[in-house]
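Report on the following structure.
There are 2 protein chains.
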Amino acid sequence: MEGAGTVSWGKLYDYVANMLEQGLGYPRASAAVTAKVLVEADARGHASHGVARIKIYHEEVRDGKNDPTATATVVHETPISLVMRGNRAPGFPTSGTAMEKTIEKARASGVCMTVVRDSCHFGMAGYWAEMAADAGMIGWAFTNTLRASIPTFGRERLLGTNPVCVAIPIGRKPHFMLDMATTTVPLGKIEVAARRDGVIPVGWAVDEKGVDTTDAVRVAEVNRFDKSPFGGQLFLGGATETLGGHKGYGLGLLVELLTAGLSMGTATFDTYQDGCGICHCFQATRMDVFGDPGEIQSHMAEILERVRNSPRAAGQERIYIHGEKEYERREKSIKEGIWLDAATWRRLDEYAGLWGLARLAP
Amino acid sequence: MEGAGTVSWGKLYDYVANMLEQGLGYPRASAAVTAKVLVEADARGHASHGVARIKIYHEEVRDGKNDPTATATVVHETPISLVMRGNRAPGFPTSGTAMEKTIEKARASGVCMTVVRDSCHFGMAGYWAEMAADAGMIGWAFTNTLRASIPTFGRERLLGTNPVCVAIPIGRKPHFMLDMATTTVPLGKIEVAARRDGVIPVGWAVDEKGVDTTDAVRVAEVNRFDKSPFGGQLFLGGATETLGGHKGYGLGLLVELLTAGLSMGTATFDTYQDGCGICHCFQATRMDVFGDPGEIQSHMAEILERVRNSPRAAGQERIYIHGEKEYERREKSIKEGIWLDAATWRRLDEYAGLWGLARLAP
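Taken in sequence, the protein lines are chains G and V.
Here the first sequence is numbered in the working numbering, starting from 85 and rising by one per residue.
Here the second sequence is numbered in the working numbering, starting from 85 and rising by one per residue.
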C-alpha cells in the first residue's frame, strides 16, 4: 500500500512521545508511558490499539473529557486493595501507577486487587496484566469502554467491548496471555469489512431491532457515530443462547461490575458524558503463595506443551497458546521494524502538520 | 412423561443423603453436603448436575477413583491462600471445607484464593461461589473436568468443559451469578439432541478430524464412552477464529492453569487415570475493602437494573441478568416441588433396588 512502511521501535516511540508532549500537553512521564503502550500495540500487530489512536486522544483532550495535566489519586486502600480516582487524567499513566502500586502491595501481602474510576482509555489490556507477569505474578486487567454492544435479547447499545485479560508467567517467555474483548470481534474488524465488501458474518452484530445483521456499513456507522442508541456488536456466542451468547454477555456484565461497580464509577452506558468516565480493575497475585513458583510454572508450561503439540485439525498448521502470536510478531517488529499502514502514516503526518512538528521518516 | 413427577426439596434431600450414606458409604456429613448440592441443582433446573449423577458417583467409588471415607488435607497456606489435597475424597465435602476456609481467611485478610488437587467432581460450580456471596463477598469457583473439548485448530479431546463461576452480592437476591461452562454447551445437551433428531448446530462439536459436525449421535458416543481420543466439544465461539473460538479456548486453558496448574494437580487430559484427579480453584473477596459495601452493592444493582429494563429485541420478552432464571426456578421448586424426569426417577429406583432401600415416593 502506498505510504505504508516500517519504522524502528525506538524511533516511533520517541516520535509519539514527543507528539503527546508537544501536541497534546502531556507531561513527559505521561507521554512516555502512553507512547510505550501504543507502540507496543503496533509492534504486536494490534494496530487498533496503536499510535493511530492519537486522533481519539486528541479529540478527548480538545473536548475536555481527558485532562493531560491531571493525576490520579488514591481514595481508599487496605493491604490487599486499592481504590483510585483518575480525575480525567489519561488512562495510561493512571493505569501504570495503579499497576505499580498493585504489584507493590502484592509483594507485601501476596495479592492486591485495585479498581479505578473516572479514568480514560488505557490502550491494550495486555500491557497492564503483563506488568504483573513480568514481576513473577499472575496479573489481571479489566476495563469498561464505550457503548458498543448489546445484552442478549436486547437491542440498546449499553455495554462495552469490555476486555478480560490474564497474564500468567510460565518460567519462560511468552507468558500465557489471554487478552480478549468479550464481544465476538473488536469494532475495528467491522470497520475493515465495511471498507471492503460491506459484509460481516452472522454473530458479530445486530441491527436496530436487535436482529442479526450482515450489513457492516450500517453497523460501523451506528457504532462509530452513535447515530442511534440501538443496534451494535454482539458478545461472544452471538445473539441467542444456541451458541452461548448469554455467556459472552455474562462476561461483559461481569467486567462492568468489577470495574464500574466496585469503583463506584460510571457504567459503559454513562461513559463519555462529562469526562471519559472509564473504569478499570487490576489484580496481581504472587505465585509463591501456592508453593514453589518455579515448580508451578514448569508444571503449567508442561500442560501448555501437551496442548500445543497435540494432533491438528485437518488443514491446520499450528495450535497456538495465547500470547504466542503477539510475542512472535513483536520479535519480528523489533528486528525488522514496526509496520504502519498508509492510513496510520497519513494520520501521524496530519497531526505533525497540526502541531508544527517534523514528519516521521521511515 | 410417564414416571416423571415432583417431590419436595426436603424429601428428596433426605432420600439422596440416605442413599449416599447407606449405598455408597459416605460419612453422614459428606452425604449431607453432597445431597444438598445435587438437590439444589435439580431445584434450579440444572438436571445435568442433579441427583441423577448418583450413577457416576457410584461408578467412581466402585472403580476406586473416589474414596468416600477419605478427607481432604491442607498442604500449604498463607493468610491469603490455601492449597489442599483432596485425597480422592468426594468433591462436595472437599469443596465445602475449602470454601469455608476460604471465606474464613477472607474475613480475616480481605481476600483468599484456594486451589485443590486430587479431588472429584464438585457438582455445579455456582453452589460454591454462592457460599461467598451469601457471606457478603465476591465468590469465584473454577474446576477442570474430564476430556471433552478441543483446542482451537486441534482435534484431540484434551480439555474439559472447565466452568468459570462468579457470584457477586448486590444487596438483594438473586446475586449476580455467572456460572458457565467455557464450552458452547454442556455434554448433556448433545446427548438430548442425540436421543431426539440426532442433529446439533454447527459450533457445538467437531468430528475426529477436527472438522465441524452436526452428528449428535457420534459426538455423544465418542465423548461419553471415550471411543476415540479425537473429536469432541467446542469452546464458546466454535471451531474457528471468525466467531471467537480462540477466546473460549483461552478461557478453558485459563481454567486449566488456575486449577491443575496452581495446585500442581492433573490437567484434564490426565484426569480419571488413577483417582478422579479433578482440581478446583476458589476465591472470596470482601467487598468492604473497596469502600462501603452497601453503597457498592446498590450501585451494582442499579447498573443491572438499567440493562434489565432496556428495550428488547424484536420478538423477545425479557432481558435476563445472570442468576435470575435459576433463582426463579428454585422458588417454584420450593413451592411446587422439584420436577424429576422419568429417566431420573427410574435411576433412583434402580439404585434403591441395588442397595435394598425403599423407593422414593412422589
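We put the CB at the ideal spot given by N, CA and C, even for glycine.
Which word fits residue i, buried or exposed, when buried means at least 16 other C-beta atoms lie within 10 angstroms of its C-beta?
i: Val-269 (chain G); result: buried
i: Pro-247 (chain G); result: buried
i: Phe-418 (chain V); result: Checking the sequence shown, residue 418 (chain V) turns out to be Ile, not Phe. By the 10 Å Cβ count, Ile-418 (chain V) comes out exposed.
i: Gly-94 (chain G); result: exposed
i: Ala-116 (chain G); result: buried
i: Glu-144 (chain G); result: buried
i: Arg-308 (chain G); result: exposed
i: Ala-442 (chain G); result: exposed
i: Asp-281 (chain V); result: exposed
i: Gly-440 (chain G); result: exposed
i: Ala-192 (chain V); result: exposed
i: Val-286 (chain G); result: exposed
i: Thr-118 (chain G); result: buried
Where does residue i sit, in a helix, a strand or coil, going by DSSP?
i: Gly-316 (chain G); result: strand
i: Met-57 (chain V); result: There is simply no residue 57 (chain V) to check, as chain V begins at 85 and stops at 446 in what is shown.
i: Val-91 (chain V); result: strand
i: Gly-238 (chain G); result: strand
i: Gly-437 (chain V); result: helix
i: Gln-367 (chain V); result: strand
i: Trp-288 (chain G); result: coil
i: Arg-156 (chain G); result: Note that residue 156 (chain G) is Ala in the sequence shown here, rather than Arg. Reduced to three states, the DSSP call for Ala-156 (chain G) is coil.
i: Leu-262 (chain G); result: strand
i: Met-215 (chain V); result: helix
i: Leu-327 (chain V); result: coil
i: Arg-146 (chain G); result: helix
i: Ser-382 (chain V); result: helix
i: Thr-181 (chain V); result: helix
i: Gly-294 (chain G); result: coil
i: Ser-394 (chain G); result: coil
Could you tell me whether any Cβ in chain G is nearer than 7 Å to the Cβ of residue i?
i: Leu-341 (chain V); result: yes
i: Thr-298 (chain V); result: no
i: His-383 (chain V); result: yes
i: Arg-396 (chain V); result: yes
i: Met-348 (chain V); result: yes
i: Gly-345 (chain V); result: yes
i: Met-261 (chain V); result: no
i: Leu-104 (chain V); result: no
i: Leu-424 (chain V); result: no
i: Leu-271 (chain V); result: no
i: His-406 (chain V); result: yes
i: Val-303 (chain V); result: no
i: Gly-175 (chain V); result: no
For residue i, tell me which candidate among the options has the shortest Cα-Cα distance.
i: Gly-530 (chain G); options: G:Gly-294, G:Ala-131, G:Lys-273; result: Any answer about residue 530 (chain G) is impossible in this case: the structure gives chain G only from 85 up to 446.
i: Glu-214 (chain G); options: G:Asp-151, G:Glu-124, G:Gly-89, G:Ala-232; result: G:Glu-124
i: Ser-114 (chain G); options: G:Thr-178, G:Pro-163, G:Ser-92; result: G:Thr-178
i: Ser-312 (chain G); options: G:Ser-92, G:Arg-241, G:Gly-194; result: G:Arg-241
i: Gly-322 (chain G); options: G:Val-283, G:Thr-266, G:Val-121; result: G:Thr-266
i: Gly-336 (chain G); options: V:Ile-387, V:Cys-363, V:Tyr-333; result: V:Ile-387
i: Ser-233 (chain V); options: V:Gly-272, V:Val-250, V:Phe-319; result: V:Phe-319
i: Leu-104 (chain V); options: V:Lys-139, V:Arg-128, V:Ser-132; result: V:Lys-139
i: Gly-58 (chain G); options: G:Asp-126, G:Ala-119, G:Ala-101; result: Nothing about residue 58 (chain G) can be read from this structure; chain G reaches only from 85 to 446.
i: Gly-134 (chain G); options: G:Pro-163, G:Glu-161, G:Ala-209; result: G:Ala-209
i: Gly-345 (chain G); options: G:Cys-365, G:Gln-357, G:Gly-328; result: G:Cys-365
Please confirm if residue i has its CB atom under 7 Å from at least one CB of chain V.
i: Lys-331 (chain G); result: yes
i: Glu-240 (chain G); result: yes
i: Met-215 (chain G); result: no
i: Ser-165 (chain G); result: yes
i: Pro-235 (chain G); result: yes
i: Leu-338 (chain G); result: yes
i: Gly-321 (chain G); result: yes
i: Phe-366 (chain G); result: no
i: Gln-317 (chain G); result: no
Within 7 Å (strictly less), CB to CB, does residue i reach chain C?
i: Lys-293 (chain V); result: The chain labelled as chain C is not found among the protein chains of the depicted structure, namely G and V.
**Q.** Inter-stretch contact at 8 Å, needing at least 3 Cβ pairs: the stretch 379-396 of chain G / the stretch 226-243 of chain V
**A.** Contact between the stretch 379-396 of chain G and the stretch 226-243 of chain V is present, because at least three Cβ pairs lie under 8 Å.
Q) Is the number of C-beta pairs between the stretch 162-173 of chain V and the stretch 187-200 of chain V that are closer than 8 Å three or more? A) They touch, by the three-pair rule.
Q.
Counting beta carbon pairs with one atom in the stretch 145-165 of chain G and one in the stretch 99-109 of chain G, are three or more of them shorter than 8 Å?
A. Yes, since at least three Cβ pairs between the stretch 99-109 of chain G and the stretch 145-165 of chain G fall closer than 8 Å, the two stretches touch.
Q. With contact counted as at least three CB pairs below 8 Å, one residue from each stretch, are the stretch 243-260 of chain V and the stretch 339-348 of chain V in contact?
A. The stretch 243-260 of chain V, when compared against the stretch 339-348 of chain V, does touch it at the 8 Å Cβ threshold.
Q. Counting Cβ pairs closer than 8 Å, one from the stretch 180-191 of chain V and one from the stretch 216-226 of chain V, do we hit at least three?
A. Yes, they touch.
Q | Touch test, the stretch 371-383 of chain V against the stretch 300-311 of chain G, Cβ-Cβ under 8 Å, three pairs minimum | A | No, the stretch 371-383 of chain V is not in contact with the stretch 300-311 of chain G.
Q: Determine contact between the stretch 250-257 of chain V and the stretch 409-417 of chain G, defined as no fewer than three beta-carbon pairs at a distance below 8 Å.
A: Not touching, per the Cβ criterion.
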